[in-house]
Structures are given as C-alpha cells and as structure tokens.
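Trainee:
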Amino acid sequence: MVGVQGAEQVKKRVRAVLTAPHLAAFLPAIMIMAFWNGGENLMVLVAILFPGLLAIGGALTRPKPTRGVANDEITGLPRRPKLLEQLDRGFASDADFEKSCFVLEIDDIQKLSAQLGEESIRQVLRTIADRVKATLRETDLMCALNTGRFGISIDKRQRADLEATLQLAARLQAAVSEPISVDQTRVLLSSCVGFALPSRSPEATGEALLAAAESALGVAVLAGPGSIRAFSNGMAARVGRSEHNRDELSRALDAGEIRPWFQPQVSVKTGRVSGCEALVRWQHPTMGLIAPGAFLPAISKAGLMERLGEVVLFGALSALQDWDRQGLEIPAVAINISAEELNNPNLSEKIKWELDRFDMRPNRLVVEILENVIAQTEDDVARHNINALADLGCKIDLDDFGTGNASIASIARFNVHRIKIDRSFVTHIDTDTDQQNMISAILTIADQLDVGTVAEGVETHGEHTKLVALGCDHAQGYSIAKPMPAQTFLDWVKAHEPKLLSSEAVPRLA
Ligand code: C2E
Ligand code: CA
Ligand code: CA
C-alpha cells in the first residue's frame, strides 16, 4: 500500500512540474536553443512537439477520476466510490492500518433546508465538511454521501478500542455542534453517528463495512437526535427509514406499543417539579425503542395523527391520575398538539370530554403549540380551537419559541401561558455571550407580555446555573432528567424531591 501511495506522490510531483503555467514561458528560450543547435528544422520540430509533450505528460499523470464520479459540488469532497476504494484498501493483506468506517448525518436536515434556504444550507454544509475534516488525520478520508450525510474512513491505529472510537465519534459530533453563522443567523446543529469496526464487518469489503456503518446510523437515528451507535452483528445490513405502513402503525397504536413517556420540568428558583411533558415513544417488538422523529412522519402520512393525539392524551391523563393517587404533587402534564389535530373542529370538545372522564381540572393540562403553527393561524379552525382550550382553562405553551416567526401581536392575541425557549438558544448559554444576550432579550419580551418561560434542552449544570442567574422560570432537559415511562417518572420524582432539602440538587439564585 505504501508502494502505491509512493507512486501516487511521484506522479503528483511530475504532474505539478509539467502542468505548471511558468513552463510555457520557457518555450521561446527552448526554441532559440533548438535554432542555434539544429537550425530552422529543429526549431519547427520543437515548436510542434513541446506543447504536445506537455499535454501528454499532463494527461498521463492526471489523477484518474474515481470511476468517473466528480467530487461533491457543494463541499468539494469525494464521493462514495472513493470511500469504498479506501475502505477496501484497509482489508488488503499489506495494508498499514485497517480502516474503521464512520457515517455522520446532520439531524433534521430537511427541516433546516426549508428554514434556511438553498444558499445558506450550502454554506452550512461546507462549514461542517471543513470542520469535521479538520478533526481527522491526513491519511483519513471524508466523503459526501447524501445531502447532510458524510462517510469517513479512519485508520485504525493501536489502542483504537471501542472507548477510543466512541470518543472519536463524539469529537466528530462536537465539530458539528459548534455554532455556525450564516446571513446573520446563528445555526446550531446536532448529528447522529453510526460506525463499524473492520473486525465487525460482515464481509472483508469496503461495501460491507460502509453498509454496516450506515445500518448503525439508521439505528442511531431511530434512537433520536445526537445519538451514536456501533454496528453489531445482530443489526440488519441496512435499516430502512420509517417505512412503516398504515396497518402496522394502527396496530401499534391499538396495542399500546406507542405511548407517552414523561420528562420533568422544574422551577428554576426552587428546583421543585413544576410539571412534565408527554413525549411519545414506540416500543417496537423487534426494533426496540423508537424516537418520535423516526415514526411521526409515517403516522402523519398515514393520516393517523389524530389517533396518536388520543393515545397520548389518554396516556398522559392516566399517568397524572395515577401519580395523584400515589400522593405525588405534579401540577400539570403537557401534550404536543399537531397541526392536523388543531384543524379538527371537535378538538376542544374531545379534550373536554376526556378531562371530564378523568375528573381532572383543565388547568392541569397544558397544550403545547408550535410557534410556527400560531404564526400561520388566522381566523380559522385552529384559532377557534386554541381560544376554546384557553377558555376551558387549559394552559397554552408556545413550543420551539424563537425558531418560527410568530409576531409579538400573535402571541398577545392568544392567551399564551408560557413560551418554551428552543434548545438552540439554551445550548452553551453558560459560555457564549451571544446566547446569553439572546435569552435575555427573550426573557424581556416574555416579561413585557406577561407570559412565563420554560428553557428547553438544558443539558448541563452550567447552563442550568446561568438560567437561574438570568431569571428564567422553568427548565427542562437532560441535565434534570431524560424522558421516562410513567412508572419510572414516579420513582424519579420520589427520589428527586427529598434531595432538594439537601440543597445540592439545584443551583441557588446567584
Ligand atoms: P419537542 O416538543 O420540542 O420536544 C422536545 C424534544 O427534545 C424531545 O425529543 C426531548 O426528548 C428532547 N430533549 C429534551 N431534553 C433535551 C436535552 O437536554 N437535550 C437534547 N438534545 N434533547 C432534549 P423527542 O421526544 O424525540 O421529541 C421530538 C419531537 O417530536 C418533539 O419536539 C415534538 O415536536 C414531537 N413529539 C413528541 N411527542 C409528540 C406527541 O405526542 N405528539 C406530537 N404531535 N408530537 C410529538
Ligand atoms: Ca413540545
Ligand atoms: Ca420544543
């Protein structure tokens, strides 16, 4: 392999010499020399042959395009065939190093494309490609697979055990998650990574190794944004994306495989649990636990969003009733309402009926509505529903605040109880002054509108502490707890509340 690379180096140098622009400048001098030494005939011969020689030399040493595939037009990275070639080399008996294959995909790339537009997304992809590449060694290779998906071949050096490989995957993710500025907008991204070690490849070919890494990526995507998965022999060769048909989804909804999990929200000042959000999960009999991002599009396509809403509402109220019976003080549960449900003229009636059935006061149910949905809602069914739910006594939380384009007027027009500040504004708030300024501005708007605030996606203790200092009302995120099944939630609250007395669970007001 070194031999092959050495020959490539020599070819590159010869080509550089033969194709250098200054070489043509020597043509007149060479022709004069030819005239002195061999007269007019030699001069004519040189004049004809010299440019031809240059052309032939250049052509012979020009790198062969890999099976005729041009590099990716946006990032300039090579494409799949080049990656396969490199991975194949890792299996050669004389290979210096075996190769591990990583596949990284930016989360929610479609949504982002729609938000940012084509030119900005190109810029984002170029930045990501440069950053990820900068974390690699010269001998590693990064290629563009699909839009937002990159394949990487990495030399497997000594001590490249699973732990080191996981750390490398996390480094790749860290390169993606640094903020990117495009058109005066800060973009914060996350990514999933799947990888396959050569020892685990189903066959000793680049093709098999890449398929294994893509399969691991498929499992990571099912697990939710920001996940990392290694290929293991039990995984299917390639995991398909949300190809669930209507019957399968309908059956899963009826069988109780699809049901809500719960993530706590705490009061930033006191640390007490102030509520929770119901987030749907699918416990699939063969595929394991599936995150909503991987099956909600299929549910929507199958026209089953309303059915899903019913299942989640029922699950949420059942859980709340059960926690009440167990003596827990959970003030409210929040459910996410889709645009489809919001367009059903009977929505508020349905919710009222369900609340009555559980004998639950309406103010214990929070309905989360996306900022984007509110922004588009004029005098229509959705608007009627939101007002009817507020009149009923349910609380309205404005979800993903800051990512849509709801005007201040539209927030004021609806009876919004709280705004949920999107995770992209919360990330790195403890270290990034731009983020702090942004949150301060949002908190000021909320204050003037007299609505409460919930910070979403609080991942670290540092972020939580900063939120205390800035005066946000509530927090939700992995630093407090991840979403969990109803029973686990009950145990978690029982363990969490006494900890508050020891005062170390939650940072105090600065
Ligand atoms: P969302 O409503 O913005 O929910 C918050 C998402 O952020 C959840 O993802 C949650 O697990 C995740 N999250 C919470 N804390 C953290 C954190 O500290 N860091 C990070 N990185 N993520 C955090 P999940 O459960 O995968 O839900 C994704 C989206 O799916 C939700 O976004 C919501 O739009 C939708 N969804 C979930 N459940 C339902 C449902 O029952 N009905 C409807 N219509 N949509 C739902
Ligand atoms: Ca939500
Ligand atoms: Ca949200």
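Quick note on numbering: the sequence shown equals residues 130 to 639 in this note's numbering.
All C-beta atoms in this analysis are idealised placements derived from N, C-alpha and C, irrespective of residue type, glycine included.
Please read these numbers as outputs of a predicted model, since none were measured by experiment.
Would residue 361 be called buried (16 or more neighbouring beta carbons within 10 Å of its own) or exposed?
Mentor: As a working note, residue 361 is residue 232 in the sequence shown. Exposed, since its Cβ has fewer than 16 Cβ neighbours within 10 Å.
Trainee: Could you tell me the distance, in whole angstroms, from the CA atom of residue 461 to the CA atom of residue 577?
Mentor: Along the sequence shown, one-based indexing puts residue 461 at 332. Along the sequence shown, one-based indexing puts residue 577 at 448. Approximately 25 Å between the Cα atoms of the pair.
Trainee: Should residue 389 be labelled buried (16 or more other beta-carbon atoms within 10 Å of its own) or exposed?
Mentor: Here residue 389 refers to the residue found at position 260 when the sequence shown is read from its first residue. Residue 389 should be labelled buried.
Trainee: So residue 351 and residue 420 are in contact, right, with Cβ under 8 Å, and what is the actual spacing, rounded?
Mentor: If you number the sequence shown from 1, residue 351 lands on position 222. If you number the sequence shown from 1, residue 420 lands on position 291. 6 Å between Cβ atoms; contact.
Trainee: Would a C-beta distance cut-off of 8 Å place residue 465 and residue 497 closer than the cut-off?
Mentor: Numbered from its first residue, the sequence shown carries residue 465 at position 336. Numbered from its first residue, the sequence shown carries residue 497 at position 368. Yes, they are a contact pair.
Trainee: Is residue 407 near ligand 1, judged by its Cβ being under 7 Å from some heavy atom?
Mentor: Translated into the one-based positions of the sequence shown, residue 407 becomes position 278. Yes, the Cβ of residue 407 comes within 7 Å of a heavy atom of ligand 1.
Trainee: Distance check for residue 229 and residue 392, CA to CA, integer angstroms please.
Mentor: As a first step, residue 392 must be located in the sequence shown, where it is residue number 263. As a first step, residue 229 must be located in the sequence shown, where it is residue number 100. Those two C-alpha atoms are separated by around 36 Å.
Trainee: Taking 7 Å as the cut-off, does the CB of residue 497 come closer than this to any heavy atom belonging to ligand 2?
Mentor: If you number the sequence shown from 1, residue 497 lands on position 368. Under cutoff, so the answer is yes.
Trainee: Once the 5 residues before and after residue 204 are set aside, which same chain residues still bring their CB inside 7 Å of it?
Mentor: Position 75 of the sequence shown, counting from 1, holds the residue named residue 204. The residues are 254, 255, 258 and 273.
Trainee: Could you tell me whether the segment 540 to 551 touches the segment 569 to 586, using the rule of 3 or more Cβ pairs below 8 Å?
Mentor: Touching, yes, given that three or more Cβ pairs across the two stretches are closer than 8 Å.
Trainee: For residue 300 and chain D, any beta-carbon pair shorter than 8 Å?
Mentor: Absent from the structure is chain D; it holds one protein chain and no more.
Trainee: In the DSSP assignment, find the beta strand (DSSP E) that holds residue 527 and state where it starts and stops.
Mentor: One-based indexing of the sequence shown puts residue 527 at position 398. 524 to 530 is the span of the beta strand (DSSP E), which, as asked, contains residue 527.
Trainee: How would you label residue 327, buried or exposed, when you count the other beta carbons within 10 angstroms and need 16 or more for buried?
Mentor: One-based indexing of the sequence shown puts residue 327 at position 198. Residue 327 should be labelled buried.
Trainee: Within a Cβ cutoff of 6 Å, which residues of the same chain sit near residue 312, ignoring the five residues on either side of it in sequence?
Mentor: Numbered from 1 along the sequence shown, position 183 holds the residue referred to as residue 312. Counting only Cβ-Cβ distances below 6 Å, and skipping sequence neighbours, we find 249.
Trainee: Quick one: is the Cβ of residue 628 within less than 7 Å of any heavy atom of ligand 3?
Mentor: Reading the sequence shown from its first residue, position 499 is the one you call residue 628. False, no ligand heavy atom lies under 7 Å from that Cβ.
Trainee: Could you check if residue 501 belongs to the surroundings of ligand 2, using beta carbon to heavy atom distance under 7 Å?
Mentor: Taking the first residue of the sequence shown as position 1, residue 501 is located at position 372. Incorrect: residue 501 has no Cβ contact closer than 7 Å to ligand 2.
Trainee: Return the chain-ordered ranges of every alpha helix (DSSP H) run that is complete within the segment 374 to 448 and spans a minimum of 4 residues.
Mentor: The qualifying runs are 375 to 383 and 425 to 430.
Trainee: Measure the C-alpha to C-alpha separation of residue 453 and residue 489 and round it to an integer number of angstroms.
Mentor: As a position in the sequence shown, residue 453 is number 324, starting the count at 1. As a position in the sequence shown, residue 489 is number 360, starting the count at 1. Roughly 10 Å between the two C-alpha positions.
Trainee: Can the beta-carbon of residue 463 be found closer than 8 Å to that of residue 503?
Mentor: Here residue 463 refers to the residue found at position 334 of the sequence shown. Here residue 503 refers to the residue found at position 374 of the sequence shown. Going by C-beta atoms, residue 463 is not nearer than 8 Å to residue 503.
Trainee: Identify the continuous beta strand (DSSP E) that holds residue 567 and give its terminal residues.
Mentor: Translated into the one-based positions of the sequence shown, residue 567 becomes position 438. Element bounds for residue 567: not the beta strand (DSSP E) but the alpha helix (DSSP H), 562 to 578.
Trainee: Do you know how far the Cα of residue 211 is from the Cα of residue 615?
Mentor: The residue given as residue 615 occupies position 486 in the sequence shown. The residue given as residue 211 occupies position 82 in the sequence shown. When rounded, the distance between both Cα atoms is 48 Å.
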